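First to last, the protein sequences are chains A and B. As numbered in my numbering, residues 1 to 415 make up the first sequence, in order. As numbered in my numbering, residues 416 to 543 make up the second sequence, in order. Beta carbons are placed, not taken as given, at the ideal position from N, Cα and C, and that holds for glycine. This one's a predicted model, so the numbers in the text were calculated from it and none came from an experiment.
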Amino acid sequence: MEGSDLKDEQTYFLTRTDEWIWKKARELGISRRRFLGLLAAGAITAAGGSLLQKPRPGTAAPAPSELVVKPTPPDLFYDFGSNKEMRWEVMTNRGYVVPNELFFVRNHTRTPRIDVSTWRLRVEGTGVSQPLEFTYDDILNMPAVSVVRYVECAGNGRSFFERAYGKRASGTQWKLGAIGVAEWTGVPLRELLERAGLKRTARDVMPEGLDDLRVRRPMSVAKALEPDTLVVFAMNGQILPPDHGFPVRILVPGWIGVSNIKWVGRIEVSEQPLYSPWNTDSYVLIGPDYKSQPPAKGPILTYQNIKSALELPWDGEIPAGRRLVRGRSWSPFGKIVKVEVSLDHGATWQLATIRDPNAARTWARWDFLWDAKPGFYAIRVRATDEKGNTQPFRVPFNEQGYLYNAVVGHPITVK
Amino acid sequence: MRRRLLYILLSLNLLCAVGFTSPGATAPPGKPKVVEVVVREFEIVPKEIAVKPGEVLFVVRNTGAIEHDFAIEDAAAKSVARIAVIPPGKQEELRVALRPGLYTVLCTLPGHKDAGMKGMLNVQDSSS
Ligand SMILES: [Cu+2]
Chain A
1 MEGSDLKDEQ
11 TYFLTRTDEW
21 IWKKARELGI
31 SRRRFLGLLA
41 AGAITAAGGS
51 LLQKPRPGTA
61 APAPSELVVK
71 PTPPDLFYDF
81 GSNKEMRWEV
91 MTNRGYVVPN
101 ELFFVRNHTR
111 TPRIDVSTWR
121 LRVEGTGVSQ
131 PLEFTYDDIL
141 NMPAVSVVRY
151 VECAGNGRSF
161 FERAYGKRAS
171 GTQWKLGAIG
181 VAEWTGVPLR
191 ELLERAGLKR
201 TARDVMPEGL
211 DDLRVRRPMS
221 VAKALEPDTL
231 VVFAMNGQIL
241 PPDHGFPVRI
251 LVPGWIGVSN
261 IKWVGRIEVS
271 EQPLYSPWNT
281 DSYVLIGPDY
291 KSQPPAKGPI
301 LTYQNIKSAL
311 ELPWDGEIPA
321 GRRLVRGRSW
331 SPFGKIVKVE
341 VSLDHGATWQ
351 LATIRDPNAA
361 RTWARWDFLW
371 DAKPGFYAIR
381 VRATDEKGNT
391 QPFRVPFNEQ
401 GYLYNAVVGH
411 PITVK
Chain B
416 MRRRLLYILL
426 SLNLLCAVGF
436 TSPGATAPPG
446 KPKVVEVVVR
456 EFEIVPKEIA
466 VKPGEVLFVV
476 RNTGAIEHDF
486 AIEDAAAKSV
496 ARIAVIPPGK
506 QEELRVALRP
516 GLYTVLCTLP
526 GHKDAGMKGM
536 LNVQDSSS
């Protein structure tokens, strides 16, 4: 097994990128440098593509009503077809976690309906000595743990690129509601891997979904063995709902949303580095400020970043008067230590009061008192974490619209 | 064998370099050629498009149930023009001036291209 620094998403992908370059150059019988030159010239994209497995052919387009199982009425969610964004005002005066019926849905296609009597979870590949198949009961009968963690879509905040640059980034035009915190209950992935005879030479682990696109994304063995990397079967004390991955999903805390594969049917464990379109073509940063990073089209997205949201309707109305305004901030790097608020376009800032619990890999709630006078406001919030990361005022444009975490003016009218 | 493949790739790349450059603003004035395209899970119709060089207006309708986008890439997989998002049931337009060459049209959403959402766009000089 490799070093534990591969628990770090960025280190992991940089290491694998480098290995891919050496391997391809060797296969073609040329130097690494020459190979990189050819890549830059576009001569090798076809060779890169052949690395990737072909997904099974697409099925017929489902009716929109079939895309998601749970009700997603417009007063609770913004509708983007198979994707549903939580409206932040629904969290006003709610507890710490997002209830299952309010949790955002990010589906690459539609929610598959899975019959647990025939469902199996296969753990296989060159990285295990004894490939195993688990039934749903097998999973439920294994020792389980519960953790509170956030899961956030890598494209959360994407619509703000258009506001900032007048140019739309590709993908679902989320505001800030593609995030949720839940209590996840499941079996440590480590337990399954060990039962299947994880080899010392194993390097990568790739869970694969049973959805139409077979969404899959690799991680290092080191990350797979972390105590809070789970095969989740329950969410907030209830059986994992279909839209959130029933019968099981993977929880990969701190890594970007797409890593938390839903409806898992297979986990490949390999002695060789693994790749998928979800870390080469997509979830990469492409734009004037980013360089290509073969085999990916740009720097691979690793961490999310620090963000904040207010529990207020977007561009809504509130009555005048003294009120407690609430919000939440989160960072993948550590707990939140400071939240500043500005009601005058950033001229002056006041501190919000951060409430407990406040821990890493989840969010912190905060509030401030506002004597709201009639008028139009753009409330700005800027959070800082214990590692010193703070929300910037500008984020460079990237075509797929990831990592928009700049301070955003939240429009609100006081009547 | 591998070396040979490499040479083929290389020579293709050289041909492309000679055959076209990035699209310019040199399209003749007047009405653009209109090309209607349908995107859905998981295909782009038609799969092959042929147009003459110059201004082209792509009218792209999403008849699927989920979001898609529409992008044109040159032979080096560099983005030439794109529609960032087409909601299900909606139609968007893309006006672009194209130079002769072979392009790919595709949906850039994760996994969609590999599932079949790609096609060929051949821009051929009328004089040849
Ligand atoms: Cu698509």
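Contact list for residue i against chain A, beta-carbon separation under 8 Å
| i | result |
| --- | --- |
| residue 502 of chain B | 80, 81 |
Residue nearest to residue i in terms of C-alpha spacing, selected from the options
| i | options | result |
| --- | --- | --- |
| residue 10 of chain A | A/126, A/242, A/283 | A/283 |
| residue 484 of chain B | B/540, B/469, B/504 | B/504 |
| residue 404 of chain A | A/279, A/267, A/301 | A/301 |
| residue 324 of chain A | A/311, A/298, A/401 | A/311 |
| residue 480 of chain B | B/493, B/501, B/466 | B/501 |
| residue 512 of chain B | B/525, B/530, B/466 | B/466 |
| residue 117 of chain A | A/109, A/123, A/135, A/125 | A/135 |
| residue 126 of chain A | A/182, A/77, A/204, A/179 | A/204 |
| residue 75 of chain A | A/66, A/83, A/90 | A/90 |
| residue 420 of chain A | A/259, A/263, A/291 | The structure shown has nothing for residue 420 of chain A, since chain A only spans 1 to 415. |
| residue 382 of chain A | A/372, A/397, A/409 | A/409 |
| residue 139 of chain A | A/211, A/123, A/254 | A/123 |
| residue 265 of chain A | A/214, A/256, A/299 | A/214 |
| residue 515 of chain B | B/468, B/451, B/454 | B/468 |
| residue 177 of chain A | A/84, A/242, A/319, A/254 | A/84 |
| residue 459 of chain B | B/489, B/447, B/475 | B/475 |
| residue 130 of chain A | A/94, A/202, A/66, A/95 | A/202 |
| residue 529 of chain B | A/98, A/212, A/332, A/232 | A/212 |
| residue 242 of chain A | A/103, A/346, A/32, A/392 | A/103 |
| residue 97 of chain A | A/166, A/8, A/147, A/333 | A/147 |
| residue 187 of chain A | A/231, A/334, A/341 | A/231 |
| residue 316 of chain A | A/415, A/254, A/31 | A/415 |
Distance between residue j and residue i (C-alpha atoms, nearest Å)
| i | j | result |
| --- | --- | --- |
| residue 57 of chain A | residue 235 of chain A | Unreliable placement is indicated for residue 57 of chain A, whose pLDDT of 40 sits below 50; the coordinate value is still reported in the next sentence. Taking the straight line from one Cα to the other gives about 32 Å. |
| residue 523 of chain B | residue 456 of chain B | 13 Å |
| residue 195 of chain A | residue 413 of chain A | 58 Å |
| residue 200 of chain A | residue 269 of chain A | 12 Å |
| residue 81 of chain A | residue 306 of chain A | 27 Å |
| residue 71 of chain A | residue 101 of chain A | 8 Å |
| residue 29 of chain A | residue 248 of chain A | 43 Å |
| residue 533 of chain B | residue 492 of chain B | 12 Å |
| residue 286 of chain A | residue 518 of chain B | 19 Å |
| residue 378 of chain A | residue 343 of chain A | 7 Å |
| residue 68 of chain A | residue 240 of chain A | 14 Å |
| residue 208 of chain A | residue 338 of chain A | 38 Å |
| residue 112 of chain A | residue 86 of chain A | 21 Å |
| residue 421 of chain A | residue 218 of chain A | Lying outside 1 to 415, the shown extent of chain A, residue 421 of chain A is not represented and no answer is given. |
| residue 181 of chain A | residue 26 of chain A | 45 Å |
| residue 540 of chain B | residue 471 of chain B | 14 Å |
| residue 12 of chain A | residue 220 of chain A | 7 Å |
| residue 54 of chain A | residue 499 of chain B | For residue 54 of chain A, the predicted model reports a pLDDT of 36, less than 50, meaning its position is unreliable; a value from the coordinates is still stated below. Going from the Cα of residue 54 of chain A to the Cα of residue 499 of chain B covers about 25 Å. |
| residue 510 of chain B | residue 453 of chain B | 16 Å |
| residue 375 of chain A | residue 143 of chain A | 56 Å |
| residue 411 of chain A | residue 288 of chain A | 30 Å |
| residue 22 of chain A | residue 228 of chain A | 33 Å |
| residue 153 of chain A | residue 318 of chain A | 29 Å |
| residue 33 of chain A | residue 273 of chain A | 21 Å |
| residue 349 of chain A | residue 137 of chain A | 54 Å |
Within chain B, partners of residue i - CB distance below 9 Å
| i | result |
| --- | --- |
| residue 340 of chain A | Ordered by position in chain B, no residue passes the 9 Å Cβ test against residue 340 of chain A, which lies about 32 Å from the chain. |
Beta-carbon separation (whole angstroms), residue i vs residue j, contact threshold 8 Å
| i | j | result |
| --- | --- | --- |
| residue 184 of chain A | residue 251 of chain A | 5 Å |
| residue 401 of chain A | residue 155 of chain A | 6 Å |
| residue 497 of chain B | residue 170 of chain A | 7 Å |
| residue 299 of chain A | residue 280 of chain A | Actually they do not touch by this definition, with Cβ atoms about 12 Å apart. |
| residue 398 of chain A | residue 303 of chain A | So it is not a contact: roughly 15 Å between Cβ atoms. |
| residue 174 of chain A | residue 158 of chain A | 5 Å |
| residue 359 of chain A | residue 6 of chain A | Between residue 6 of chain A and residue 359 of chain A the Cβ distance is about 24 Å, and since that is not below 8 Å, they are no contact. |
| residue 370 of chain A | residue 327 of chain A | Between residue 327 of chain A and residue 370 of chain A the Cβ distance is about 12 Å, and since that is not below 8 Å, they are no contact. |
Chain B residues whose Cβ lies nearer than 8 Å to that of residue i
| i | result |
| --- | --- |
| residue 67 of chain A | 480, 481 |
| residue 277 of chain A | 525, 526, 528, 529 |
Contact list for residue i against chain A, beta-carbon separation under 7 Å
| i | result |
| --- | --- |
| residue 499 of chain B | 168, 169, 170 |
| Contact list for the stretch 511–531 of chain B against chain A, Cβ threshold 9 Å | Listed by position along the chain: 523, 524, 525, 526, 527, 528, 529, 530, 531.
| query | Taking a cut of 9 Å between CB atoms, which residues from the stretch 93–116 of chain A lie near chain B? | reply | 107, 108, 109, 110
| task | May I ask you to list, following chain order, the residues of the stretch 456–485 of chain B that have a beta carbon less than 8 Å from some beta carbon of chain A? | result | Cβ contacts with chain A come from 456, 457, 458, 478, 479, 480, 481, 482, 484.
| query | Listed in chain order, which residues of the stretch 279–290 of chain A have Cβ atoms closer than 9 Å to some Cβ of chain B? | reply | Answer in chain order: 281, 282, 283, 286.
| task | Using a Cβ-Cβ cut-off of less than 8 Å, give me the residues of the stretch 170–181 of chain A that come near chain B, in sequence order. | result | Answer set for the stretch 170–181 of chain A: 170, 171, 172, 173.
| Relative to ligand 2, what is the chain-ordered list of residues with a Cβ closer than 5 Å to any of its non-hydrogen atoms? | Summarising the ligand content, the structure contains ligand 1 and does not contain ligand 2.
| request: Please list the residues of the stretch 382–406 of chain A that have a C-beta atom closer than 9 Å to any C-beta atom in chain B, keeping them in chain order. | output: 399, 400, 401
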